[in-house]
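Peer 1: In full-length UniProt numbering, the protein residues as written are 1 to 153. Sharing a structure, written as structure tokens. Questions coming.
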Amino acid sequence: MRLDEIDKRILRALQRDGRLQNIELAREVGLSPSPCLRRVKLLEEAGIIDRYVAVLNPVKAGLPLSMFARVWLTAQDAETIDHFMEAMKKLPQVMECYIMLGESDALLRVVVADLDDYRHFQSTHLTRINGVQNVKTDVPSQIVKQTYALPLR
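Given below as structure tokens:
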């Protein structure tokens with residue numbers, strides 16, 4: 001699906017506030033409600049709008065600390081990587097997991113309540129996964145920017 005400028009305006013508005021009512025969205029993007037709703041449905045059906053979620057405040061939800069874990073695996077064969085990926089999908093603390101092409105094999109963003117919570121997560125879950133050879137953890141000192149909105153041009 002090729003996005004035109006109206007589609008992009010719809011997507012920008014929904015990225016800012018996914019709870020916009022169709023009538024408000026239509027007014028904001030310069031359409032009448034019926035064509036606006038039709039466009040949103042097409043964006044959903046095409047998979048451009050993947051899903052709607054509520055973005056929680058991690059501090060108020062009791063998970064104020066994000067840790068970045070670089071993971072090295074014992075091997076880079078398909079079986080080891082597939083096993084690792086499946087294990088990551090089951091751990092709710094893992095917010096993001098990337099298989100890397102650089103120095104480490106994977107990069108994780110893990111949310112926890114505090115350092116003790118992370119140490120427990122690492123020792124009882126992460127390092128016990130078959131195929132995990134080494135984990136190095138980085139602790140951010142400040143969040144400069146965090147967004148969920150894609151820069152649509």
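Backbone N, C-alpha and C fix where the C-beta goes; we use that ideal spot for every residue, glycine too.
Can you confirm whether the region 22-33 touches the region 66-78 when touching is taken to mean that 3 or more C-beta pairs between the two stretches lie within less than 8 angstroms?
Peer 2: no
Peer 1: Could you name the residues of the same chain whose beta carbon sits closer than 8 angstroms to that of tyrosine 148, not counting the 5 residues immediately before and after it, in chain order?
Peer 2: For this step, residue 148 is matched to residue 148 along the sequence shown. The residues are Gln15, Val55.
Peer 1: By alpha-carbon positions, which one of Gly131, Thr127, Gln133, Pro92 ends up nearest to alanine 113?
Peer 2: Here residue 113 refers to the residue found at position 113 when the sequence shown is read from its first residue. Of the candidates Gly131, Thr127, Gln133, Pro92, the one whose C-alpha sits nearest the C-alpha of alanine 113 is Pro92.
Peer 1: Taking arginine 70 as the reference, which of Thr137, Arg19, Phe121 has the closest Cα?
Peer 2: As a first step, residue 70 is located in the sequence shown; it is residue number 70 there, counting from the start. Arginine 70 has its Cα closest to that of Thr137, out of Thr137, Arg19, Phe121.
Peer 1: Exposed or buried, which one is isoleucine 143 when buried takes at least 16 other CB atoms within 10 Å?
Peer 2: If you number the sequence shown from 1, residue 143 lands on position 143. The residue in question, isoleucine 143, is exposed, as its Cβ has fewer than 16 Cβ neighbours within 10 Å.
Peer 1: Could you tell me which uninterrupted alpha helix (DSSP H) segments, each at least 4 residues in length, are contained entirely in the region 71-100, listed from first to last along the chain?
Peer 2: Within the region 71-100, the complete alpha helix (DSSP H) runs of at least 4 residues are 78-89.
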